[in-house]
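Taken in order, these protein sequences are the chains called A, B, C and D. All letters in the first sequence, in the order written, are residues 0 to 358 by numbering that gives the first Met the number 0. All letters in the second sequence, in the order written, are residues 0 to 358 by numbering that gives the first Met the number 0. All letters in the third sequence, in the order written, are residues 0 to 358 by numbering that gives the first Met the number 0. All letters in the fourth sequence, in the order written, are residues 0 to 358 by numbering that gives the first Met the number 0. All C-beta atoms in this analysis are idealised placements derived from N, C-alpha and C, irrespective of residue type, glycine included.
4 protein chains.
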Amino acid sequence: MTSQDSLQDLRSQIDVINMQLLELLSARARVVTEIGKVLTELGSEHYDPSREAQMLTALELANKGPFSNETIKALFREIFRASLALEESQAKAKIRVQRKSADERTIITLPDGVTKIGDGSFQIISGPCAVESYEQMDETAAALNARGVKILRGMAYKPRTSPYEFQGMGEEGLQIARQVANKYNMFITSEIMDKSQIDMMLDYVDIFWVGARNMQNSFLLRALGKINKPVILKRGLAATLEEFMYAAEYIVSSGNPNVILIERGIRTYEKSTRNTLDIGGVAVLKLESHLPVVVDISHSAGRRDIAMPLGRVAKASGADGLMVEVHPNPAVAMSDAKQQLYIPQFNELMDELDKYPIP
Amino acid sequence: MTSQDSLQDLRSQIDVINMQLLELLSARARVVTEIGKVLTELGSEHYDPSREAQMLTALELANKGPFSNETIKALFREIFRASLALEESQAKAKIRVQRKSADERTIITLPDGVTKIGDGSFQIISGPCAVESYEQMDETAAALNARGVKILRGMAYKPRTSPYEFQGMGEEGLQIARQVANKYNMFITSEIMDKSQIDMMLDYVDIFWVGARNMQNSFLLRALGKINKPVILKRGLAATLEEFMYAAEYIVSSGNPNVILIERGIRTYEKSTRNTLDIGGVAVLKLESHLPVVVDISHSAGRRDIAMPLGRVAKASGADGLMVEVHPNPAVAMSDAKQQLYIPQFNELMDELDKYPIP
Amino acid sequence: MTSQDSLQDLRSQIDVINMQLLELLSARARVVTEIGKVLTELGSEHYDPSREAQMLTALELANKGPFSNETIKALFREIFRASLALEESQAKAKIRVQRKSADERTIITLPDGVTKIGDGSFQIISGPCAVESYEQMDETAAALNARGVKILRGMAYKPRTSPYEFQGMGEEGLQIARQVANKYNMFITSEIMDKSQIDMMLDYVDIFWVGARNMQNSFLLRALGKINKPVILKRGLAATLEEFMYAAEYIVSSGNPNVILIERGIRTYEKSTRNTLDIGGVAVLKLESHLPVVVDISHSAGRRDIAMPLGRVAKASGADGLMVEVHPNPAVAMSDAKQQLYIPQFNELMDELDKYPIP
Amino acid sequence: MTSQDSLQDLRSQIDVINMQLLELLSARARVVTEIGKVLTELGSEHYDPSREAQMLTALELANKGPFSNETIKALFREIFRASLALEESQAKAKIRVQRKSADERTIITLPDGVTKIGDGSFQIISGPCAVESYEQMDETAAALNARGVKILRGMAYKPRTSPYEFQGMGEEGLQIARQVANKYNMFITSEIMDKSQIDMMLDYVDIFWVGARNMQNSFLLRALGKINKPVILKRGLAATLEEFMYAAEYIVSSGNPNVILIERGIRTYEKSTRNTLDIGGVAVLKLESHLPVVVDISHSAGRRDIAMPLGRVAKASGADGLMVEVHPNPAVAMSDAKQQLYIPQFNELMDELDKYPIP
């Protein structure tokens, strides 16, 4: 037999073994699935490291080569992991915020019955960092309204790093925001910081806003799952996308399906921008979840001089909208002075965005 | 004139200008203090952003270089801020958690009047990740007590990434923890997740515990500032040391001076450990704050096989104690299975630490 | 005098003092600039901490309040910093890669005299991760050429994490790349890993490529500054934008102005993408530098399923082009199997990009 | 049948399948070994991606679940990889720098035959950031020698962010370093930046030093694998431990077993220290590799005021030594002015370390 022939012959043997392995792996997976069901009945954890250790020891004892024990253990660990992943993917199928089909999408309709987020439109959410006075809100809202913006930031409770910084106007700020929103037929979104505020805020707010610091405040998230107003959920400053989706799951699984995700930049070593806008993360979220995703181009940048390219980027990314801070006079703003746009800058941004189609 | 001489000459000019600047800054501060008094008489806010904006504009117009307008505005903003701080009460102008002298330290005394944190001793805080049963707590506490540990983890509310993971036993868990602690004359520390839990938990808990996810939950922090039990505050997973100290300031400035800081690892790109223990940060905190600092060697590592070196490191760092998770049977633990120590491992760790002096 | 009047009066005093401060600060800055020149003559470091310490001590001794010594020292440290920054901005003005005016741009012309990068066009750089065979390169280049792509990846030296991974075909790979490029009238860009390779590679390569691992290899950068072919410089995986620009400065200051910057994602904690595309960094680079900037949508993502949104994002960001890996059969590629596009996917991406204008 | 019983039963089924899988995998490996022999006879490459692609396609077609095609392909790719590794020489299949048993250690002996690294001692590597003059080196070396330090930093080539910063004295610096080292019977370690420097530096240097920026410069690493002097390899500023070990493997697999790993802090968002010392990483390296590990307490901190606690931490971590920068007058140093210790501080550090046992 020539080398070429014997190669052919050996490769056929491999092909046969491959099929036998496939069959065994599948059989094994079926049994593991059964075990998963029993463990659920028993209320036990599915991942059992001591059982794994025992199986690996048995394999090691039985192994006569040519693979080393290390290799055998590595291969079986992969098999164990695949089995566990199989169970998890079944578990994950129960995660409500995950997209199950390419065209699944959550569409959120605001009280006018016309304004929608997640329906393929590109919504602008805007307003100053914080409510500072009636005049400031009125001037901003007039400018936004002139460009068709429907969702107005009416932030009255500001989470701040230092207890000595401006903490927002409180309920008085909400009253101002509501009054101004009513004047221009706009909707108010405002940050909630503690579940004890829900009842009071229900009177003023159209969309609840959960800040980055509260992304994993499960008591707040569950409480917002019980109301029937939409919730904007910001990604925590070092949250993974998986954690972000699970945070949304706390709200959705508590009964409120209307959650909007906001990517606002993550904390990295790079300091030329306030945070690092994770635009790839936006693309991944749009793949993996059916929830609307909005890009915050103000907190991610922390500087207004790149608002224009980031606005275009947000629209091009496939996101459902963008959030940008606008203030009549950013230089005297009580917070975020460097990142809020002047009104003329906002108008330029809107002109620019009009040139680009929604993907 | 040689270069060396002209350098001397120019530096003398600088010295003169410095003194003139000092005089002017002091004169300015005196006028601002007067203005403050008038504003108080008038019942007006002392901080007036539009007045600041107007002064900055005037300076900008007058500026002929060589400093850019940006630099001039930045310098004057510093001067404005200094003046404002001067007006505010001396106490408020200072950050309370900051060490003012090398020997300033906050010493926290537990209810037995004997156990102290921050007094130069090295305290061990230990127990399982979560209360799972009376037997589990009893077995753990017995082992810890045998080694002189006084502070027992009695975690009954577990903040979890997914809403479908084990969330803790709730108040039943607190009852178990209290019962076991009483049996062994130990103290309970337990995590609080929402300010609504304070009253209930006061009955069970000796030291409140604020988790990493709640480090910037200012409503919770302020509420804990109103009670008279110590609070352990964990560093957020991507919090800077400055943010960490400000978070403690929320508690302390609300009236509760007894705060213990825990470094528990920060989130980085490196995944061979669950988080990256910032031991340099511990050294910096000990320099900058008078609060006790404790090192969490479990969550920072996420694996028990390096508990021994990390325990030694914690003690060598100058920290006031360490936190380590111990479980009678980690393999079946409902959370953190990979990082909790077996009881014999815990004993080895204690033996090892005994060999090293407190710095 | 009423309170209102005396407020007016005091504020006028402040206005006068502000102007005097401005004058003094400017005078001081002029003297500091003189000192800087002398220090340069003397060959001394400009930043002199002991001189600063001595000035602060003098001020402390002279200070009679009302500002505390701490405040005075803080204010003067700001003034020192501003003066140093002034000198540095003059130093920085000597950084060649920095944009000095809004319309300054480096335009790189390839050997056909027609293909340009940085002229306002949007160039596509593409090809497989590595040269594997003539057939593979030919099939890829044919597809790229059909879409008007002019710059072909012809990677023959692959920097790999492990010494046991495929390290590229070496010079044989360069020969294949050159042959294929000639067939389709395309240009070859290929990675150089050591300065000893320059002479050999000059025969094959139109654009030298410096990988992320070599971004700060100053010996290589300086050597590339001596040749007259363009250089593509990738951002290091944890390089700041400032470091990135300084790396380009090593090449430009050595004599070669034709440098193209590539943003390829930075390393962060987030693992759903291989790296985190720093699209805000692209916007900042376009503001701060006149060099062309290209976005690598393959290494930043590490997955081909988000190539479409990232391609749109790259174009919308204002970058001068994008880099995308394409392979006839990514499943069998010897590296980067998960991120290289299939040829039909590449065609879809080109179709999509055609719908969006260059900003 | 109770749940408990059926669990038992299902697990027995798994045990049987595991053994069948083991048998098949072993049979497969034997056939692959045969194929390898034939391919060698035929002079063909053993790694054949198209054959792999064809097997994967066949498996995909045959797969009827429950594993997804993706999972099946992933598992078989692991099996292919294991088989390939098996074919390769036993030595090559193993990563040389990995510890195979708990007591395996690389001990490096310096030319005096007495000074050792990795033998259980705790070595101090010290000296100024850069050679600046004979006097500076002499004064430093005298102080170090008085405390028994044997390894002197003699850095003559400084990799700098900016091309306009001090780049080191070059060969003149090496001459000074050598002269001073000879005077005090010390050993010189000095940074190499390009493989072209090896021959020249061999005359001056006892231990080659590869900086963080060159950790993945494979041309340099391989070249250092051909010499018979030890190499200190610094971790890249965002390198994973796995990448770090592979970088060492480039040297070791090229023939030079004498590599010392240095942890020098990783780049994170936290800026109160220059880098974040990954002390947990040191513990992991000591577990996973037999190479000596040294802790750089200067570059990790970037500030000298925490050198004392970090020195204790380094010793407590189980590392084989520490590296600390010392300068007769750090205030005037040409680089790293804030982190180099004054000589009296160095002496205090040595006194402190003497109090602590080596673990």
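- Minimum Cα-Cα distance from F186 of chain C among the listed residues C:L58, C:Q122 and C:G254 corresponds to C:Q122.
- Here M333 of chain B is buried, its C-beta having at least 16 other C-beta atoms within 10 Å.
- For A28 of chain B, the residues of chain C that pass the 9 Å Cβ criterion are G64, P65, F66 and T70, in the order they occur in the chain.
- Boundaries of the beta strand (DSSP E) harbouring T188 of chain B: F186 to I191, taken from the DSSP string.
- Contact with chain C is found for K270 of chain A, since one of that chain's Cβ atoms lies less than 9 Å from the residue's Cβ.
- Within a 10 Å sphere around the beta-carbon of R303 of chain C sit 16 or more other beta-carbons, which makes this residue buried.
- The Cβ neighbour count for Q3 of chain C, taken over all protein chains shown within 10 Å, is under 16; the residue is labelled exposed.
- If you keep only unbroken alpha helix (DSSP H) runs of at least 4 residues inside the segment 172 to 221 of chain C, you get 197 to 201.
- Within the segment 253 to 287 of chain B, the residues whose Cβ lies closer than 7 Å to any Cβ of chain C are, in chain order, R266, T267 and Y268.
- The C-beta distance from L232 of chain A to I261 of chain A rounds to 7 Å, short enough to meet the 8 Å contact threshold.
- Taking all protein chains in view, the Cβ of T105 of chain A is crowded by 16 or more other Cβ atoms within 10 Å, so the residue is classified as buried.
- Taking 8 Å as the upper bound for CB-CB distance, G167 of chain B and Y156 of chain B are in contact here, some 5 Å apart.
- Along the segment 165 to 196 of chain A, the positions whose C-beta sits under 9 Å from a C-beta of chain B are F165, Q166, M192, D193, K194, S195 and Q196, read in chain order.
- The three-state secondary structure of L20 of chain A, taken from DSSP, is helix.
- Within 8 Å of the CB of T32 of chain D, the CB atoms of chain A belong to P65, in sequence order along the chain.
- Between the segment 191 to 207 of chain C and the segment 210 to 225 of chain D there are three or more inter-stretch CB-CB distances shorter than 8 Å, so the stretches are counted as touching.
- The beta-carbon distance between Y183 of chain A and N144 of chain A, rounded to whole angstroms, is 4 Å. This is short enough to meet the 8 Å contact definition.
- Listed by position along chain D, the residues whose Cβ is nearer than 8 Å to that of F218 of chain C are M192, D193 and S195.
- If you draw a 10 Å sphere on the C-beta of L60 of chain A, you find fewer than 16 other C-beta atoms in it, and that means exposed.
- When the alpha-carbon of S49 of chain D is set against those of C:Q338, C:N328, C:Y355 and C:K337, the nearest one is in C:N328.
- Under the three-state reduction of DSSP, L143 of chain C is assigned to helix.
- With a threshold of 16 other beta carbon atoms within 10 Å, N227 of chain A falls short and is exposed.
- Proximity to E170 of chain D across D:G280, D:G126 and D:E131 peaks at D:E131, based on C-alpha coordinates.
- With respect to the 9 Å criterion, I71 of chain D and L24 of chain A are classified as neighbours on the basis of their beta carbons.
- Between the segment 238 to 245 of chain B and the segment 239 to 255 of chain D, the count of C-beta pairs closer than 8 Å stays below three; the two stretches do not touch.
- Just so you know, the alpha carbons of M322 of chain B and V292 of chain D end up roughly 26 Å apart.
- Taking 7 Å as the upper bound on Cβ-Cβ separation, chain A lies near residues N216, S217, F218, L236, A237 and E242 of the segment 216 to 242 of chain B.
- Excluding the 5 residues flanking it on each side, D353 of chain A has no same chain C-beta neighbour closer than 8 Å.
- Bounds of the alpha helix (DSSP H) holding D350 of chain B are I342 to D353.
- With a contact defined as Cβ atoms closer than 8 Å, P127 of chain A and T108 of chain A miss out at about 26 Å.
- Contacts with chain B at 9 Å (Cβ-Cβ) include V331 of chain A.
- Between the segment 275 to 282 of chain B and the segment 274 to 290 of chain C, the count of C-beta pairs closer than 8 Å stays below three; the two stretches do not touch.
- For L260 of chain A, no alpha helix (DSSP H) encloses it; the enclosing beta strand (DSSP E) starts and ends at V258 to E262.
- By the CB criterion at 9 Å, V258 of chain C and L290 of chain C fall inside the cutoff.
- Contact of Y249 of chain A with chain B by beta-carbon distance below 7 Å involves P162.
- By the CB criterion at 9 Å, S297 of chain D and D350 of chain D fall outside the cutoff.
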